[in-house]
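By full-length UniProt numbering, the letter at position 129 of the sequence shown is numbered 129, and the numbering carries on one by one without gaps.
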Amino acid sequence: MGKLKSFFQNLQQHVGDSQPSQSTAAAPPTLTQGFPNQQDFYRFRKQRGVNLGSWFVLERWITDHPFRFAKDPGQSDHDVARGSQAKDVFETHWDEWIKEEDWKWIAERGFNTVRIPIGFYHLCSVDPSVLVGTDFAALGYVFEGAWARITLAIASAHRHGIGVLIDLHAAPGKQNADAHSGTSSSNVAFFDSTHKAHTTRILTSLLTNLLNFTRTHDPPLPNLVGIELLNEPNPPNGDHAALQKWYRTTIAALRKIDPDMPLYIGDSWRTDEYAGCMGSLAAQPS
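Written as structure tokens, this is what we have:
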């Protein structure tokens with residue numbers, strides 16, 4: 001009982017507001033030594049979560065205002081990015097959609113985790129190569145302020161004891177036909193081999209940059225609870241075997257970077273089938 005009390009006292013000491021440093025480092029011992037450690041507390045407690053929709057990946061049915069200057073058909077991030085005043089529209093929305101009082105409101109109502117959907121293009125300031133060969137290739141300047149705000153969200157959540165799940169909501173080529181996959185096109189091209197390989201590399205970049213941020217922040221941040229690899233993928237012609245193969249390949253690549261990071265998948269509304277697939281993967285020797 002004394003060890004558990006000491007753990008919670010130590011956790012409280014690390015809940016504070018400060019700025020990240022610029023160096024990189026391995027996971028600090030204070031985050032990872034012993035069990036339960038600070039990361040375990042955030043990742044494996046009973047999750048009472050809420051999705052922070054239409055913050056970084058816009059959905060017009062949730063918030064219409066950012067679409068006022070969008071190019072037709074005016075339904076996606078890509079349409080807004082090609083419209084007038086796009087950079088200002090996005091950055092104003094990112095700064096105003098969730099504020100400090102909202103984090104306080106969320107925590108006061110018993111939620112301890114949030115899911116933050118992002119698009120691959122939101123990484124462009126820390127990794128410009130994510131845009132190469134995509135519909136967003138010429139739009140990096142519009143999204144260059146996104147990453148700083150995503151990391152600020154993680155730090156803000158930590159001040160209120162809230163964990164953060166980062167969800168790749170929009171992948172290159174689109175993993176489904178909906179506008180929240182980045183563009184308004186109905187063409188689902190993610191399942192081409194080039195886009196799948198590019199998305200795997202994007203996810204390795206995402207994980208690397210998230211680790212660099214959380215580990216070098218002062219104090220280090222233990223509240224990154226996982227990464228969701230893909231939101232609502234919908235394979236053409238029902239080719240779920242190809243999607244499951246991609247999941248296995250991508251998980252293996254991410255495990256080389258951090259074997260302990262919780263990884264979540266979109267199961268294409270086939271929970272039993274994908275649970276079996278992931279169960280067999282977990283049973284394999286590492």
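Think of the CB as a built atom: it goes at the ideal place given N, C-alpha and C, for glycine as much as any other residue. Only a predicted model underlies this, so the values are computations on that prediction, with no experimental measurement involved.
When the Cα of residue i is compared with those of the options, which residue comes out closest?
i	options	result
T204	E91, Q75 and S129	S129
K46	V225, L263, E273 and R255	V225
L210	D258, S185 and N237	D258
K196	E100, M261 and A253	A253
H266	E273, E108, R109 and E228	Reading off the sequence, residue 266 comes out as Gly, not His. Nearest of E273, E108, R109 and E228 to G266, Cα basis: E228.
L281	F120, T249 and D260	T249
D102	E59, H198 and V50	V50
I118	Q33, G53, P236 and Y141	G53
E108	H160, D135 and K87	H160
S84	V188, R68, Q38 and P262	R68
D64	I106, E273 and H93	H93
N234	G163, V188 and L31	V188
V126	N112, I116, F111 and L207	L207
T200	P172, H180, I116 and N237	P172
F41	P262, A275 and T271	P262
V164	D192, I116 and F190	I116
H169	A241, E59 and Q38	E59
P66	F44, D95 and Q39	D95
Y264	E273, D272 and M278	M278
E232	K256, D260, T271 and T194	T271
E273	K256, G238, R255 and D260	G238
H240	F191, K256, D260 and R255	F191
V57	P236, A26, E91 and D260	E91
Assuming residue i contacts residue j under a Cβ cut-off of 8 Å, what Cβ separation, rounded to an integer in Å, is found between them?
i	j	result
A81	L139	5 Å
Q175	L230	5 Å
N212	A157	No, N212 and A157 are not in contact; Cβ-Cβ is about 18 Å, not under 8 Å.
P28	P220	5 Å
F136	H78	7 Å
I98	W55	6 Å
K104	Y141	Contact flag wrong, Cβ pair sits at about 33 Å.
I162	V114	6 Å
A155	H217	7 Å
N112	R48	5 Å
A179	S76	4 Å
F120	I202	5 Å
G133	H198	7 Å
Tell me, which residues are paired with residue i by DSSP?
i	result
R115	N51 and L165
L207	L207 is not bridged to any residue.
A170	G119
H160	Beta-bridge pairing links H160 to no other residue.
At which residue ranges does the stretch 74-111 contain complete alpha helix (DSSP H) runs of 4 or more residues, listed in the order of the chain?
77-82, 86-97 and 100-108
Jot down the residue ranges of each uninterrupted alpha helix (DSSP H) in the stretch 117-153, minimum 4 residues, whole runs only, in chain order.
Entirely contained in the stretch 117-153, the alpha helix (DSSP H) runs reaching 4 residues are, in chain order, 140-143.
Do the stretch 240-252 and the stretch 142-152 make contact, defined as three or more Cβ pairs closer than 8 Å?
Short answer: they don't touch.
Is the stretch 54-72 close to the stretch 176-190, with three or more CB pairs under 8 Å?
yes
Mind pulling the beta strand (DSSP E) runs of 3 or more residues that sit fully within the stretch 218-277?
224-228
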